[in-house]
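Start counting the sequence shown at 1; every next residue gets the next number (UniProt numbering).
The beta-carbon is built from N, C-alpha and C at its ideal position, and this holds for glycine as well.
The structure under discussion appears below in the form of structure tokens.
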Amino acid sequence: MIRISYTNFTVYKCASKCLVNRVKVSLNALIDESQHAFIPGRYMSDNILLSHDILHFMNGRRAKGPNLAAIKIDMSKAYDRIHWGFLLRVLKAYGFPPSWIHLIYQCISTVSFKVLINGRISQPFRPKCGLRQGDPLSPYLFLFCMDILGRMLSLGQDIRLFQGIKLAREAPKISHLFFADDAMIFFQATEKSCINIGGILDRYCRISGQKLNLAKSFIKFSPNTSLSQQQLFKSILRMPQVSQFGQHLGVPIDCVGSKRSHFNYLIDKVSELITSWNGVLISQVQKMVLINTVIVATVSHVMMSLDIPITIVNKIDSLIATFFWAKQGHKGMHWIRKSILHLPRGMGGLGIRHLSSLNKSFLMKQVVFSWGMRGLRRAENLLLQGCDWKVGDGKNIRAGRDRWVHGKVPVFTSHIRLTDAKWWTVSHFIESSEFRWNAALIRSSFDNNDANAILSVELPSESVPDRLYWSNNNGGKFTVKTSYAFLQEQIIDRETILGFRQNRFVPFFKLLWALKILPKWKLLIWKIMVDGIPVKANLDRRGIMLNVNCDLCNDVCEDAQHMFRLCNLAQDPFISEDGKDSDRVVTFIGILWALWVTRNARVFRSETGNIQTVQTRFTLALEQNVIFRRKEGECLGFLHPPENMPNYPPGFLFANIGREIAFMQGSVIYIDGAWNKVTLRAGMGWVLQQAHTVGSGIIGGCDYGLGHSALHAESMACLQALQWATTW
């Protein structure tokens with residue numbers, strides 16, 4: 001038995017987990033199998049896009065034709081008014097067994113409350129209806145109840161009590177869009193339809209216990225509806241009329257006129273957040289966390305659905321950059337341009353998201369002609385630029401136009417006429433009988449290097465359709481993170497903004513941000529690499545009048561090289577020693593940090609900057625890093641068994657790659673692959689050793705071909721060894 005009480009909460013973990021999973025599965029099955037005219041989207045962005053497109057269609061209905069209307073419903077205390085009897089009958093109608101229904105009834109009926117009045121706690125009392133918001137089960141139970149209203153509306157449309165809105169000739173009629181307790185109804189406005197919709201809502205409220213909040217529910221009509229009809233329909237439904245719905249699910253969906261005016265609230269939100277933080281002493285590392293977790297999250301909800309105007313995005317980007325460089329509300333010096341800050345960390349930036357590129361990345365993930373749909377279409381074109389072809393049957397890939405050879409378009413030999421090859425597909429170079437490459441035709445048609453690259457492309461074992469994959473991810477899966485990096489790389493290619501950005505620095509930046517050291521150390525190293533550290537030489541270059549000589553060396557200009565390499569303090573014997581038991585990387589960066597803090601204390605607080613001071617600060621920095629790494633190691637690893645257990649994961653055999661096995665039961669297959677980078681030729685071999693025939697009875701095989709990398713050769717060795725083992 002499960003007993004849930006808010007004054008004395010007890011629950012059996014396994015039973016509650018099974019119950020939640022059962023409700024989830026039932027709800028998903030309900031959504032899949034339902035025959036509604038239109039069910040709420042599984043994702044909030046789907047709901048937002050559909051509602052935006054329908055309202056755009058309504059706003060454009062100015063000529064003769066059916067009058068259209070939309071209702072935005074607000075339920076008064078939606079969760080608190082659900083009748084338990086109604087909920088239990090709904091669950092029974094969906095086919096839940098009596099034992100489960102009884103279990104759910106116990107979960108919702110054993111809740112008790114206490115009220116604090118004038119400092120005194122009242123006696124506990126129990127409610128007689130309602131679902132507590134915040135419980136794991138409540139959203140799923142509430143969706144079952146709202147689905148009854150959806151079914152009633154769909155049935156009303158089927159028996160022609162009213163008609164939904166059709167956006168295109170072949171499109172289905174959309175009667176309603178629900179997302180939890182946010183509901184919208186769309187219909188062709190007539191006197192009969194308004195009466196019937198009002199009757200459906202009243203009937204649902206009577207049987208479920210919910211109550212329609214008429215003061216916060218609104219109706220909107222298409223522009224071709226006459227004023228007399230609007231007054232009639234409004235009086236029937238007893239709802240106030242609006243010309244624009246404004247926001248739905250936190251996003252502007254009814255955008256009429258200037259688009260900028262509908263999104264100015266985002267600027268106000270970000271400004272309010274930054275103003276509240278400016279009065280607090282916050283380091284730049286902490287500001288990075290606030291920007292990426294709070295500010296970006298605030299606007300990303302809108303970006304997932306709509307293409308925000310560039311003026312709004314640029315203003316927010318400027319606010320973020322000003323906040324990052326500011327010092328307790330006072331405007332600070334922008335040491336690094338925004339275009340560098342917006343780059344991903346692995347590309348030499350700071351990872352502060354460029355909102356315009358992030359907006360495009362979110363829209364690329366949707367890929368579905370209202371204003372919202374136009375943004376998706378633009379994002380679709382960008383998406384195709386980052387996709388390559390994976391060869392299947394080769395019928396859909398143009399051999400001389402599409403990227404299908406490791407992300408490149410192969411080049412034909414000089415004797416091939418382009419007019420003849422214009423319509424060639426990849427299937428032209430595949431032997432259909434055996435489903436393998438026609439090597440002779442490929443070598444006679446393509447450049448030698450491209451011919452080798454084509455022959456190194458693996459074909460599937462059977463005929464399957466060609467498909468596009470996202471080439472910027474190792475697994476071929478589209479992600480917002482990789483698409484953002486792809487867009488930033490395109491900007492770099494168009495504009496040379498980084499003098500220091502060379503391929504040899506990319507591995508360094510990836511390594512830097514992956515180090516398990518203090519975040520402020522990482523930021524210091526990054527500033528040194530991009531020459532964004534406020535040493536005297538950089539201050540002088542920005543027009544600040546000061547003595548640029550080092551305070552210790554007097555006659556030498558203080559730049560980053562001098563500060564951390566050539567200064568007398570940096571060349572002290574203590575600095576050059578590595579430390580007996582310390583990690584080299586941690587020690588080196590800790591020394592740089594101690595030098596920088598000592599220098600700042602000498603410049604701004606007139607402290608003595610000698611080797612003893614540096615050593616003290618260095619020791620303190622190492623202690624802080626040890627504490628940081630200890631906290632970073634605290635995770636939820638105790639929730640699953642450690643992976644170094646001999647029987648992990650339970651019930652499975654395991655593959656051992658590149659390590660000696662002291663004792664192994666069963667059979668072992670040893671594989672190896674070799675690859676030549678110049679000729680692309682690959683060789684692979686494997687042997688099988690059984691436990692009872694150690695040293696004898698070893699059998700195996702080998703093969704050769706072409707590959708595009710050493711990893712490809714090793715993978716082919718694994719694949720062919722497993723295929724050989726299944727047939728042996």
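| request: Pull up the distance between the alpha-carbon of Thr225 and that of Ile491, whole angstroms please. | output: Near 48 Å, if we compare the C-alpha coordinates of Ile491 and Thr225.
| So, helix, strand or coil for Arg132, using DSSP? | DSSP places Arg132 in the coil class of the three-state scheme, outside both helix and strand.
| Can you tell which of Ile430, Leu680, His712, Ile669 has the C-alpha that lies nearest to the C-alpha of Trp728? | Comparing alpha carbon positions, the residue from Ile430, Leu680, His712, Ile669 closest to Trp728 is Ile669.
| message | So, with DSSP's three-state summary, where would you put Glu714? | response | Annotated three-state conformation of Glu714 is helix, per DSSP.
| Sequence-distant residues of its chain with Cβ nearer than 6 Å to Pro252 (five each side left out) | The answer, listed in chain order, is His262.
| Rounded to a whole number of angstroms, what is the C-alpha to C-alpha distance between Arg89 and Lys211? | Here the alpha carbons of Lys211 and Arg89 stand approximately 19 Å from one another.
| task | Note down the Cα distance separating Gly41 from Phe179, rounded to an integer number of angstroms. | result | Since pLDDT at Gly41 reaches only 40, below the 50 mark, its modelled position is unreliable, and the value read off the structure follows with that caveat. Taking C-alpha positions only, Gly41 is separated from Phe179 by approximately 8 Å.
| said: Less than 8 Å between the C-beta atoms of Val115 and Arg126, yes or no? | reply: No. Outside cutoff.
| query | Quick one, which of Gly346, Arg61, Gly700, Ile320 has its alpha-carbon nearest Arg337's? | reply | Comparing Cα-Cα distances from Arg337 to each of Gly346, Arg61, Gly700, Ile320, the minimum goes to Ile320.
| task | Leaving aside the five residues before and after Ala537 along the sequence, list all residues of the same chain whose C-beta is less than 7 Å from its C-beta, in chain order. | result | The answer, listed in chain order, is Val548, Cys557, Glu558, Asp559.
| Nearest-angstrom beta carbon gap, Ser175 and Ile185 [assumed within contact, 8 Å] | Taking 8 Å as the upper bound for CB-CB distance, Ile185 and Ser175 are in contact here, some 7 Å apart.
| query | Using a Cβ-Cβ cut-off of 6 Å (strictly less than) and excluding sequence neighbours within five positions of Thr322, which residues of its own chain qualify? | reply | Nothing meets the Cβ criterion.
| task | Identify which residue in Arg584, Leu382, Trp470, Gly349 has its Cα closest to the Cα of Val530. | result | For Val530, the nearest C-alpha among the options comes from Gly349.
| query | Can the beta-carbon of Tyr79 be found less than 8 Å from the beta-carbon of Ser138? | reply | Between Tyr79 and Ser138, the CB-CB gap stays under 8 Å.
| task | Taking 8 Å as the cut-off, decide whether the C-beta atoms of Ser193 and Gln163 are in contact. | result | In contact: Ser193 and Gln163 (Cβ atoms closer than 8 Å).
| task | Could you have a look at His334 and say whether DSSP puts it in helix, strand or coil? | result | His334 falls in the coil class under three-state DSSP.
| task | Please go through the same chain and pick out, in chain order, the residues whose beta-carbon is closer than 7 Å to the beta-carbon of Ile589, but skip the five residues on each side of it. | result | Beyond the five residues adjoining it in sequence on each side, Ile589 comes within less than 7 Å, by CB distance, of Ile517, Trp521, Ile525 in the same chain, given in chain order.
| message | Do Pro344 and Gly392 have their beta-carbon atoms positioned less than 8 Å apart in this structure? | response | Not closer than 8 Å, so no.
| field | Coil, strand or helix - Tyr94 by DSSP | value | In the three-state reduction of the DSSP assignment, Tyr94 falls in the coil class.
| Under a three-way DSSP split, which group does Gln244 fall into? | In the structure shown, Gln244 sits in coil (DSSP, three-state: anything other than H, G, I, E or B).
| Just the Cα atoms here: how many angstroms apart are Ile416 and Arg401? | Roughly 15 Å between the two C-alpha positions.
| query | My guess is that Met146 and Ile200 are in contact by the Cβ rule of under 8 Å, so how many angstroms apart are they, rounded? | reply | That pair is no contact at about 13 Å.
| query | Looking at the structure shown, is Thr727 part of a helix, part of a strand, or coil, going by DSSP? | reply | Reduced to three states, the DSSP call for Thr727 is helix.
| Count the other CB atoms within 10 Å of the CB of Phe508; is the residue buried (16 or more) or exposed (fewer)? | Burial call: exposed.
| query | DSSP three-state call for Leu227: helix, strand or coil? | reply | Helix at Leu227.
| request: Reducing DSSP to helix, strand and coil, say where Ser76 ends up. | output: Strand, per DSSP.
| task | Put Thr608 into one of helix, strand or coil per three-state DSSP. | result | Note: Thr608 maps to coil in three-state DSSP.
| Buried or exposed: Gln35, going by 16 or more other Cβ atoms within 10 Å of its Cβ? | Here Gln35 scores only 32 on pLDDT, less than 50, and its place in the model is too uncertain to base an answer on.
| field | Range of the contiguous beta strand (DSSP E) that encloses Trp470 | value | Unbroken beta strand (DSSP E) run through Trp470: 467–470.
| said: Quick check on the DSSP output: the alpha helix (DSSP H) that includes His56 runs from which residue to which? | reply: Start and end: 44–59.
| field | Cβ contact (3+ pairs, closer than 8 Å) linking the segment 269–278 and the segment 295–312 | value | Because the criterion of three Cβ pairs below 8 Å is met, the segment 269–278 and the segment 295–312 touch.
| request: Starting from Cys205, follow the alpha helix (DSSP H) in both directions and report where the run begins and ends. | output: From DSSP, the alpha helix (DSSP H) with Cys205 extends over 191–208.
| Which one of Ser305, Ile108, Cys387, Gly700 has the shortest CA to CA distance from Asn359? | The shortest Cα separation from Asn359 among Ser305, Ile108, Cys387, Gly700 belongs to Ser305.
| request: Quick one: give me the first and last residue of the beta strand (DSSP E) that Phe186 is part of. | output: Looking at the DSSP string, the run of the beta strand (DSSP E) that includes Phe186 is 182–188.
| Supposed close pair Gly707, Ser300 - CB separation, criterion 8 Å | The beta-carbon distance between Gly707 and Ser300, rounded to whole angstroms, is 41 Å. This is too long to meet the 8 Å contact definition.
| message | Strictly by DSSP, which residues pair up with Trp686? | response | According to DSSP, which records beta bridges pairwise, Trp686 is partnered with Ile671, Gly701.
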